[in-house]
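Chains as they are written, first to last, in our numbering: chain A, 553 to 1086; chain B, 553 to 1086.
(1) Please name the residue, chosen from B:808, B:907, B:888, B:963, that lies closest to residue 944 (chain B) on a Cα-to-Cα basis.
(2) Given a cut-off of 8 Å on the beta-carbon distance, is the pair residue 740 (chain B) and residue 601 (chain A) in contact?
(3) Helix, strand or coil for residue 771 (chain B) per DSSP?
(4) Nearest to residue 1045 (chain A) by CA position, among A:820, A:555, A:623, A:582, is which residue?
(5) Put residue 675 (chain B) into one of helix, strand or coil per three-state DSSP.
(6) Are the C-beta atoms of residue 897 (chain B) and some chain A residue less than 8 Å apart?
(7) Quick check on the DSSP output: what are the complete alpha helix (DSSP H) runs of length 4 or more inside the segment 883-971 of chain B, in order along the chain?
(8) Consult DSSP for residue 777 (chain B) and reduce its assignment to one of helix, strand or coil.
(9) I need the DSSP call for residue 995 (chain A), collapsed to helix, strand or coil.
(10) How would you list, in chain order, the residues of chain A whose beta-carbon sits under 8 Å from the beta-carbon of residue 570 (chain B)?
(11) Under 8 Å by Cβ, that's how I've got residue 941 (chain A) and residue 947 (chain A) pegged, so tell me the actual separation to the nearest angstrom.
(12) Given this structure, state the Cα-to-Cα distance separating residue 720 (chain A) from residue 593 (chain A), to the nearest angstrom.
(13) So does the segment 666-681 of chain A actually touch the segment 576-584 of chain A, counting three or more Cβ pairs closer than 8 Å?
(14) Rounded to whole angstroms, what's the CA-CA distance from residue 560 (chain A) to residue 590 (chain B)? Just pull it up for me.
(15) Which residues in chain B sit within 9 Å of residue 576 (chain A), going by Cβ to Cβ distance?
(16) Grab me the residues of residue 966 (chain A)'s own chain with a C-beta within less than 7 Å of its C-beta, minus the 5 sequence neighbours each way, in chain order.
(17) Just by C-beta distance, which residues in the segment 652-673 of chain B are closer than 8 Å to chain D?
(18) Can you list, in chain order, the residues of its chain whose CB lies under 7 Å from that of residue 631 (chain A), leaving out five sequence neighbours each side?
(19) Using 8 Å as the limit for Cβ to Cβ distance, is residue 765 (chain B) near chain A?
(20) Quick one: list the residues of chain B neighbouring residue 600 (chain A), beta-carbon separation under 8 Å, in chain order.
(21) Can you pull the chain A residues whose beta carbon is under 7 Å from the beta carbon of residue 573 (chain B), in chain order?
(22) Look at residue 851 (chain B) and residue 993 (chain B) and say whether their C-beta atoms are less than 8 Å apart.
(23) Can you give the beta carbon distance from residue 991 (chain A) to residue 1016 (chain A), rounded, assuming they're within the 8 Å contact cut?
(24) Looking at C-alpha atoms only, which residue of A:898, A:981, A:747 is the closest neighbour of residue 998 (chain A)?
(25) Can we say the segment 979-989 of chain B touches the segment 792-810 of chain B, given the rule of at least three CB pairs closer than 8 Å?
(26) Are the C-beta atoms of residue 597 (chain A) and some chain B residue less than 8 Å apart?
(27) Can you tell me whether residue 726 (chain A) is helix, strand or coil according to DSSP?
(28) Would you report the Cα separation of residue 973 (chain B) and residue 640 (chain A), rounded to the nearest angstrom?
(29) Buried or exposed, going by whether 16 or more other CB atoms sit within 10 Å of the CB of residue 690 (chain B)?
(30) Is there a Cβ of chain A sitting closer than 8 Å to that of residue 604 (chain B), yes or no?
(31) Taking 8 Å as the limit between beta carbons, can you name the residues of its chain near residue 778 (chain B), skipping five residues before and five after?
(32) Would you mind telling me which residues of chain B sit closer than 8 Å to residue 789 (chain A), beta carbon to beta carbon, in chain order?
(33) Take the Cβ of residue 983 (chain A) as the centre, count every other Cβ of all protein chains shown within 10 Å, and call the residue buried at 16 or more, exposed below.
(34) On the three-state DSSP scale, how would you describe residue 1058 (chain A)?
(35) Given a threshold of 16 other Cβ atoms within 10 Å of its Cβ, counted over all protein chains shown, does residue 883 (chain B) qualify as buried or as exposed?
(36) Using DSSP bridges, identify the partner residues of residue 813 (chain B).
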């Protein structure tokens, strides 16, 4: 039996009689005890409003749903007959762009359904800061955002209910993993402090909260992953639970590249962590022809003899489709380039000598390098810029390359700086994780060439764990003892403030090279360049 | 400082700074600890939605309201500046006819205001059984009754708010004392089982419940007195707390005569209790010209030389007015007779020989005894009945007398039977309580003549404690340690089922005499009769 936050018990009770005239409440609580449920348990007031009628109608054979609120158990639902088979819970990854929801069978631990939707907050701003300004315009907007978010949850639950036939409003528990800002938005708290020094946010540790208090239509409670700091949110703690890094003997590096970059280094003996602005460019966010990993996105690039070979995604939907290698007759026209395509493209440009170690395009090295008017200058301006035409009519500009290099440099600098803090060398690292959708679909070799992953001889140590925020939410849903573990992880973590560190700049310069100024760290890249006669 | 269910703390906190960037939640909880509040405490989710703005605006000087839910404390409100002076709570006696509400200053324990209203359930039936049938007609009616009751509370709170200028919706705590049926109605539970064998009710022990779950407009929690049994409700447990009988060395008899008669006998070593149908007649309920203790009610009767002298209440309002001896110029016309008047009348009739030991009117003994057509027979019937004209045009019928005698006999039989069970004699009794409005305004001498009180030489042992249900609610509001005491009292109590006992009938016959067949128990009555030459 799973150690979840909810339990269901089928109760066959005696009818009230002269000999046994216990109250309905006692009758139910006594029977739960008789079945081995010994923990402190409260029969919720509302349940007693309907209990007697239901018990009488079904001859005192009913199923009780129990849910744990972090302190005690609640009997919060009674159903006629034996419904113990139907026992579900919900795990959510609440990102700033998308909300992913999964439904689990809590008897078996098996996933029943999954659905993703855009975060409805987007209508108040694509980026988080715009949303914060929205909440600051008028105090009422904070609750507006809260309710919109909750409505997003409710819509997802409705759609999943339609798809599965499982009434999700009757679920007893939901686990949410999200960063500190998303948690503040969801709770209706002032999130300004998340981004404003001294970063004294409202809370890093939301309690288990009744769903009704969050306007989420579910008869139960919600656990929200606690955060370590304003920039190191519950989604990272969730990633720690998902990857089990804090229990390993070998030292791991865990890098989450999303809207920001978050980093944890450590093992069962220590955990240091930090966060910095290193993110959206790598997801295609600030690249001129960048796009999400959706139909029409170039996700794979190979350059051979100045011939650019691309793969174009054919998948449908809002998220990374699993139809990456879709039906061959379904060919999509390229419309832009997504994260994994960008990393491929830059690696190929470098390996073919079309960009140098600083990422500068060299027009002499490829016929696809063109000089064009700068797309962001006014018409009539004669400012020109180099670009690489990776597909007919689709240009990757010099400033796009610069942005990507800067971003990867920032991320890698964080890693190097933190490792330096605790006196670690790359050779001390067991596994190197890049989590998130971006990390999942990355071509490992390209990423190594770019210097985003260490050049491990054993490529299996390059980990692409996917959506660890969601996976940690699932782990929490299936095993409530993870809540104590999450608390212990936070206590163990040492948070490092970047930014005001002189050494940081120095490291940044080194990491801004492709793959790095110290090429000795990248033997396989050197080997490949040699092979190509460079 | 009172040991109430709520506390208020004025917090002067540091502003967030680089050196101290604790979260708002930590800042508040830490400051509470620093001020000596060490118990487990949760900052309610909703509070954090407004906390930061308020703290910023008032330079982190705010007042936190804490409330205890029976398990942990909640910070459930923040206010600007120091508002610790304004700290109030509510005590309620929820009777089947009237709801009495009192507001207390929880800093001083002083009563601030009091208000009474009819129980709005009356519109669904004067008597409780009609209300139960109403809830059985349609399951939706149960919640209808619940909401009507809550609305009654809300109206009383609104009126008290208007009167006092204290916003009662911001009170953190309310204590309610009521019988088991009233508790079921208030909670929206099926109350049919309260009156239906095997009396397996929904619960005898409601937890502390958020006011919002009861549709009562108050930002806090509600304690409802637990019951011992279906017929021995929280109002009696409340009476035990109010009178402190379970802590006394001497043995007390506690009789509550309302819609039913409830009885407790005991001291700190034992408590036996029971309940039976012995009530409404004594409150004037089933007497033809009976009325509530309101303007126009005869509340005092003296008969001298066949001259009937009466006092008529001039008070206004729905409840027993304190204007019993109102302005002499304000003279009310008699319209009927209330409980204390009835007891006076019967005692005077008996002492003047106008009724005999069985309560039979003797037309030869008074010119006020008249023979009239039975008021409840069809016109044209020649059924006649004796009656005593206690005021011009106001008749007290033979069947009224019979009803009163039967009721007092039932109550006294309960007392005698229970005393017999534990082998007690009247001489073992220290104090004899009759609680309720009826008991309060009773003329002790008349009550002794009637055999409703024992003929104690020390009349101070005849206790008229008033509304002990309300007093116990107040005691609970002011000192939450009484909750444990209430639980211990219930555990200590031994509930005796009357009814199916052969001995009961025999006792009943003896108790149906005025004052009793065994006159040796009533020496002062014998003395008085002798004085009068009877």
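By construction, the Cβ of each residue, glycine as well, lies at the ideal position given by its N, Cα and C atoms.
Given the structure is predicted, the values throughout are model-derived calculations rather than measurements.
Based on what the coordinates show:
(1) Within the second chain, numbered from 1, the residue matching residue 944 (chain B) stands at position 392. Among B:808, B:907, B:888, B:963, the Cα nearest to that of residue 944 (chain B) belongs to B:888.
(2) The residue given as residue 740 (chain B) occupies position 188 in the second chain. The residue given as residue 601 (chain A) occupies position 49 in the first chain. Cβ atoms of residue 740 (chain B) and residue 601 (chain A): closer than 8 Å.
(3) Translated into positions along the second chain, residue 771 (chain B) becomes position 219. The answer is coil: DSSP assigns residue 771 (chain B) none of H, G, I, E or B.
(4) Translated into the one-based positions of the first chain, residue 1045 (chain A) becomes position 493. Comparing Cα positions, the closest option is A:820.
(5) Stepping through the second chain from its first residue, residue 675 (chain B) is reached at position 123. Note: residue 675 (chain B) maps to helix in three-state DSSP.
(6) Here residue 897 (chain B) corresponds to residue number 345 of the second chain, with the count starting at 1. Not one chain A Cβ lies under 8 Å of residue 897 (chain B).
(7) Complete alpha helix (DSSP H) runs here, min 4: 891-903.
(8) Walking along the second chain from the start, residue 777 (chain B) turns up at place 225. Looking at residue 777 (chain B) - three-state DSSP - the assignment turns out to be coil, as it is neither helix nor strand.
(9) The residue labelled residue 995 (chain A) in the question sits at position 443 within the first chain. If DSSP states are grouped into helix, strand and coil, residue 995 (chain A) belongs with coil.
(10) On the second chain, residue 570 (chain B) is found 18 positions in, with the first residue counted as 1. Simply 749, 750.
(11) Stepping through the first chain from its first residue, residue 941 (chain A) is reached at position 389. Stepping through the first chain from its first residue, residue 947 (chain A) is reached at position 395. The pair is a contact, with the Cβ atoms about 6 Å apart (cut-off 8 Å).
(12) Here the question's residue 720 (chain A) lines up with position 168 in the first chain. Here the question's residue 593 (chain A) lines up with position 41 in the first chain. Residue 720 (chain A) and residue 593 (chain A): Cα-Cα distance of roughly 23 Å.
(13) no
(14) In the first chain, the residue the question calls residue 560 (chain A) occupies position 8. In the second chain, the residue the question calls residue 590 (chain B) occupies position 38. Note on geometry: alpha-carbon atoms of residue 560 (chain A) and residue 590 (chain B) lie some 36 Å from one another.
(15) The residue you call residue 576 (chain A) lines up with position 24 of the first chain. Ordered by position in chain B, the residues that pass the 9 Å Cβ test against residue 576 (chain A) are 741, 742, 745, 752, 753, 754, 755.
(16) On the first chain, residue 966 (chain A) is found 414 positions in, with the first residue counted as 1. Closer than 7 Å at Cβ, skipping near neighbours: 813, 815, 826, 828, 830, 1050.
(17) The structure shown contains no chain D; its protein chains are A and B.
(18) Against the first chain, residue 631 (chain A) aligns to sequence position 79. Result list for residue 631 (chain A): 614, 615, in chain order.
(19) Mapped onto the second chain, residue 765 (chain B) falls at position 213. It does: the Cβ of residue 765 (chain B) has a partner Cβ on chain A nearer than 8 Å.
(20) On the first chain, position 48 is the one that residue 600 (chain A) refers to. Result: 739, 741, 754, 755.
(21) Here residue 573 (chain B) corresponds to residue number 21 of the second chain, with the count starting at 1. Chain A residues near residue 573 (chain B): 750, 751, 752.
(22) Indexing the second chain from 1 puts residue 851 (chain B) at position 299. Indexing the second chain from 1 puts residue 993 (chain B) at position 441. Cβ distance < 8 Å, so residue 851 (chain B) and residue 993 (chain B) count as in contact.
(23) If you number the first chain from 1, residue 991 (chain A) lands on position 439. If you number the first chain from 1, residue 1016 (chain A) lands on position 464. Confirmed, about 5 Å.
(24) Residue numbering aside, residue 998 (chain A) sits at position 446 when the first chain is read from its first letter. Looking at the Cα atoms, A:898 is the closest of the given residues.
(25) Segments in contact, yes.
(26) Looking up residue 597 (chain A) in the first chain gives position 45. Yes, residue 597 (chain A) counts as interfacial toward chain B.
(27) The residue you call residue 726 (chain A) lines up with position 174 of the first chain. Residue 726 (chain A): strand per DSSP, three-state reduction.
(28) Taking the first residue of the second chain as position 1, residue 973 (chain B) is located at position 421. Taking the first residue of the first chain as position 1, residue 640 (chain A) is located at position 88. If I take the Cα positions, the gap works out to 56 Å.
(29) Counting from 1 along the second chain, the entry for residue 690 (chain B) is found at position 138. Exposed, since its Cβ has fewer than 16 Cβ neighbours within 10 Å.
(30) Residue 604 (chain B) sits at position 52 when you count from the first residue of the second chain. With 8 Å as the cut-off, residue 604 (chain B) counts as an interface residue toward chain A.
(31) In the second chain, residue 778 (chain B) corresponds to position 226, counting from 1. Closer than 8 Å at the Cβ level, and outside the excluded window around residue 778 (chain B), lie 756, 757, 758, 786, 789, 1038, 1039, 1042.
(32) Working through the first chain from its first residue, we reach residue 789 (chain A) at position 237. The premise fails here: residue 789 (chain A) is roughly 16 Å from chain B at the closest Cβ pair, so nothing lies under 8 Å.
(33) Position 431 of the first chain, counted from the start, is the residue given in the question as residue 983 (chain A). Residue 983 (chain A) comes out buried.
(34) Counting from 1 along the first chain, the entry for residue 1058 (chain A) is found at position 506. Residue 1058 (chain A): helix per DSSP, three-state reduction.
(35) Position 331 of the second chain, counted from the start, is the residue given in the question as residue 883 (chain B). With fewer than 16 other Cβ atoms within 10 Å, it is exposed.
(36) Numbered from 1 along the second chain, position 261 holds the residue referred to as residue 813 (chain B). Residue 813 (chain B) is bridged to B:809, B:828.
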